[in-house]
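Everything in the sequence shown is counted per this note's numbering, starting at 6 for the first residue and increasing by one.
Cβ atoms here follow ideal geometry from the backbone N, Cα and C, with glycine treated the same way.
I have placed the structure first, in the form of structure tokens, so that the comments after it can refer back to it.
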Amino acid sequence: MAEQEQQTEEKAWKSSFVIDGKTYAASLFWQPLLNEDNPLPEVKEAAENILEGADLYVARKGKSSQFGLAASSQGFTRGIPSAAVALVSSLGNVTSFLGVFKVEGGWWYICFRNDVILSDGDTLFVNEKDAKDQFISMLAVPDWDALFAPAEWGIDETRDDPLAPMLEKGLQIKLTSISANNDMIMLAVIIVGFSIILWFAYSSLKSMFFTAPTAPVIAPVRQIEIPSYIPPEPKPWEKLYNPVDVMKNCYTGIKKVVSILTPGWQIEGVTCTPDSGIVTSWRRRVGRMTWMEQALNVSGVEFSSRAISSDGNTFMVTLPIEEVSTLNSPPEYSEQDLTNILNDLNQTLGIRIGVEHKTWVSPRGTSYNLVGIRIDSKNDPLNWIELLMKFSGLTINSVTYNPVSGVWNYIGDIYEL
Numbered sequence: 006m007a008e009q010e011q012q013t014e015e016k017a018w019k020s021s022f023v024i025d026g027k028t029y030a031a032s033l034f035w036q037p038l039l040n041e042d043n044p045l046p047e048v049k050e051a052a053e054n055i056l057e058g059a060d061l062y063v064a065r066k067g068k069s070s071q072f073g074l075a076a077s078s079q080g081f082t083r084g085i086p087s088a089a090v091a092l093v094s095s096l097g098n099v100t101s102f103l104g105v106f107k108v109e110g111g112w113w114y115i116c117f118r119n120d121v122i123l124s125d126g127d128t129l130f131v132n133e134k135d136a137k138d139q140f141i142s143m144l145a146v147p148d149w150d151a152l153f154a155p156a157e158w159g160i161d162e163t164r165d166d167p168l169a170p171m172l173e174k175g176l177q178i179k180l181t182s183i184s185a186n187n188d189m190i191m192l193a194v195i196i197v198g199f200s201i202i203l204w205f206a207y208s209s210l211k212s213m214f215f216t217a218p219t220a221p222v223i224a225p226v227r228q229i230e231i232p233s234y235i236p237p238e239p240k241p242w243e244k245l246y247n248p249v250d251v252m253k254n255c256y257t258g259i260k261k262v263v264s265i266l267t268p269g270w271q272i273e274g275v276t277c278t279p280d281s282g283i284v285t286s287w288r289r290r291v292g293r294m295t296w297m298e299q300a301l302n303v304s305g306v307e308f309s310s311r312a313i314s315s316d317g318n319t320f321m322v323t324l325p326i327e328e329v330s331t332l333n334s335p336p337e338y339s340e341q342d343l344t345n346i347l348n349d350l351n352q353t354l355g356i357r358i359g360v361e362h363k364t365w366v367s368p369r370g371t372s373y374n375l376v377g378i379r380i381d382s383k384n385d386p387l388n389w390i391e392l393l394m395k396f397s398g399l400t401i402n403s404v405t406y407n408p409v410s411g412v413w414n415y416i417g418d419i420y421e422l
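So this is what it looks like as structure tokens:
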């Protein structure tokens, strides 16, 4: 018994916690879900290839559907609800939040970013230090809608809201057995197949014994239409946005808006994407909105749109970036090679490049594997271009800058061989 207790203490994470007498599952491994109406094929593939031994899952439907994997061998239990799904659904329209909640037996870390639970963003840590270090590392990322942390940590702008009422308010989606769903589907297939056989047998006997013979009908010969030539499906990497153009043009556009300074007004986070251009806003601390309006008018920047909030305290603008070229950039590295290169970069540069393994399915049903990367750095895009260009099959999805902290955030994908 003492040996068992020692093993439990040494465990870095746990699979569930109890709050107000109700057990919730935590520490699920989250993946994107492409077909929310039929999640089982994606769930089964991930259980076989990504998280071996997983036999339980839970699906979260919404703007960015996901499924969470778990293994009963690691202490997970079928039939208990997911804490992450409950909290995300409870917070409604909040699209990005970061939190640590002190619960019985540990500290539950949850990271929900741009409508997605990060693959490592649902962990019930046993040690407080592990939870706090993880929280602090993500705190450098700008533009959180809400931050939750224990009051004793004393971190500014965080809330210590009671967890139990929020979980109770959310959706109670329970862990389901992967094999059980397979059995049910197979049973349904057998029942339907048996019904078809009975119907066919009945129809045959009826036509043989109860139907009067009829004169044969000679059917006209029908021309067989030869299908037209279907061209091969283009590979997704055959027309990628040139990452060098994205980084340079985003950097140039962000510098323009950051240079617009007005007394009493503070610029908030600036986000740049190759499709939508640059989006940012200024919030009033003191002064008048006419000062901000005048600053925008004389800035020399051509905005796609400008808007002001109903209370006159926020100016929102969008502006295009210079044209981004496209290129054919086929992948050169396998998943293992990419992982090794990224790990070596982490160790060389002394930073943490977030990695997420993903799958994209084309309109014709072809699956492509990608490695999603996330970099938080005080180095601007021009300093990252040379390092990132070693990756063929790379696309930069967004560049974000926080003028207050001076941190740049880069999000992209790299296709695998």
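May I have the straight-line CA-CA distance separating residue i from residue j, to the nearest angstrom?
i	j	result
glutamate 243	leucine 393	18 Å
leucine 332	aspartate 418	15 Å
methionine 294	valine 329	34 Å
aspartate 165	aspartate 342	42 Å
asparagine 119	valine 90	15 Å
asparagine 54	aspartate 138	30 Å
leucine 324	glycine 398	28 Å
glutamate 422	asparagine 374	With the sequence shown as reference, residue 422 is identified as leucine, and glutamate is not the correct amino acid for it. Their Cα atoms are separated by approximately 8 Å.
lysine 424	proline 386	Lying outside 6 to 422, the shown extent of the chain, residue 424 is not represented and no answer is given.
arginine 311	valine 322	5 Å
threonine 100	serine 70	13 Å
glycine 26	tyrosine 246	52 Å
lysine 363	leucine 38	10 Å
glycine 159	alanine 151	16 Å
isoleucine 468	serine 184	It is not possible to answer for residue 468, since the shown part of the chain is limited to 6 through 422.
arginine 369	glycine 67	23 Å
isoleucine 135	phenylalanine 308	Note on residue identity: the sequence assigns aspartate, not isoleucine, to residue 135. Rounded to whole angstroms, aspartate 135 to phenylalanine 308 spans 44 Å at the Cα level.
valine 306	serine 21	53 Å
valine 303	serine 334	41 Å
threonine 371	glutamate 298	50 Å
valine 131	tryptophan 112	6 Å
isoleucine 401	cysteine 255	11 Å
leucine 350	aspartate 381	13 Å
alanine 156	leucine 45	41 Å
glutamate 337	threonine 344	13 Å
Indicate the three-state DSSP secondary structure (helix, strand or coil) for residue i in the structure shown.
i	result
tryptophan 35	strand
tryptophan 149	coil
valine 303	coil
aspartate 381	strand
serine 21	strand
serine 310	strand
isoleucine 259	helix
lysine 253	helix
isoleucine 272	strand
threonine 295	helix
lysine 240	coil
alanine 154	coil
leucine 245	strand
tryptophan 113	strand
isoleucine 183	helix
leucine 172	helix
threonine 163	coil
asparagine 414	strand
valine 322	strand
serine 286	strand
isoleucine 178	coil
isoleucine 419	strand
proline 332	Strictly speaking, residue 332 in this sequence is leucine, with proline absent from that position. Leucine 332 falls in the strand class under three-state DSSP.
With distances taken between CB atoms, is the gap from residue i to residue j smaller than 7 Å?
i	j	result
valine 404	tyrosine 420	no
isoleucine 265	alanine 300	yes
isoleucine 390	valine 249	yes
valine 263	proline 167	no
glycine 58	serine 78	yes
phenylalanine 140	phenylalanine 117	no
glutamate 340	serine 124	no
leucine 180	alanine 30	yes
phenylalanine 81	valine 48	no
aspartate 148	glycine 258	no
tyrosine 114	valine 105	yes
leucine 56	leucine 74	yes
glycine 269	arginine 290	yes
threonine 128	tryptophan 35	no
tryptophan 287	phenylalanine 320	yes
* Enumerated in chain order, which unbroken segments of the alpha helix (DSSP H) with a length of 4 residues or greater are wholly contained in the segment 42-111? -> 45-54, 88-95
* Could you pull out every unbroken beta strand (DSSP E) segment of at least 3 residues lying fully inside the segment 335-411, listed in chain order? => 358-366, 372-382, 399-407
* Does the segment 159-179 touch the segment 76-86, meaning 3 or more C-beta pairs lie closer than 8 Å? -> yes
* **Any beta strand (DSSP E) of 3 or more consecutive residues that is wholly inside the segment 119-147** => 121-130
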